[in-house]
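Worksheet: one structure, shown below.
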Amino acid sequence: MYLRKILSPDYIGHFLIYTNFMSLEKLLRPIYSVFGIGYIKIGSGTFCSLLACLIILIFGENIEFFARLIILLIILPIGFMSTNFRFEKDNAELKDPNFVVIDEFIGMWIVLLIVDNSILLISLSFLLFRFFDITKLLGIHKIEKLNGSLGIILDDVFAGLYSLIIIYIIKFIF
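So, in structure tokens, the structure goes:
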């Protein structure tokens, strides 16, 4: 009886779907957690934002604006897809779980589009982005309430855009 159940087409089909699902999960986990940073217990979003800053600090002179923009345009849909997959896996409406930090990387990268290799500007960009990301000012709290990956990623995109505008004004004045 047990052998018949295991060999039934329904059981095999579910098993194959499950194993493919688990393989995809293993593939996407490093993306939505940004190589495991999301699993740091405290401050995972801050550490992920710092990673983006560190990349620009080290390689910033060699990554021009258009290259940064292309990187953003590649990472953004990948972030949406991997986060969407994570929510479909849980079949739940989680609100921005700590282990999903690709959104912080994307938001921070938006600010860093126009920042040169200046430690001062990178630090100010980081502080502004984290301020908007944490306080959820200027309508960001409404965006965060959108379902699934839209709310998770777009709130950080807007935090990044607000920070980018302020950095642009500062660069223009000084």
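Everything in the sequence shown is counted per this note's numbering, starting at 250 for the first residue and increasing by one.
Ideal Cβ positions, reconstructed from N, Cα and C, are used throughout, including at glycine.
Note that the structure is predicted; figures quoted are calculated from it, not measured.
Residue burial is scored here from C-beta neighbours: L318 has fewer than 16 other C-beta atoms within 10 angstroms and is therefore classed as exposed. Nearest to I401 by alpha-carbon distance, out of G287, C297, I351, I289, is I351.
Collapsing the DSSP output to three states places K290 in coil. Residue environment analysis places Y281 among the buried positions, since at least 16 neighbouring C-beta atoms fall within 10 angstroms of its C-beta. Taking 8 Å as the upper bound for CB-CB distance, D405 and I355 are in contact here, some 6 Å apart. With contacts defined by Cβ atoms closer than 8 Å, L403 and L395 form a contacting pair. In the DSSP assignment, V364 falls outside any alpha helix (DSSP H), carrying neither H nor E.
Per DSSP, the unbroken alpha helix (DSSP H) holding L403 starts and ends at 397-422. Selection I304, L413, V349, E310 evaluated against F380 yields L413 as nearest (Cα-Cα).
The three-state secondary structure of L300, taken from DSSP, is helix. Between the C-alpha atoms of A301 and M357 there is a straight-line separation of about 6 Å. Look at G356 here: in three-state DSSP terms it is helix.
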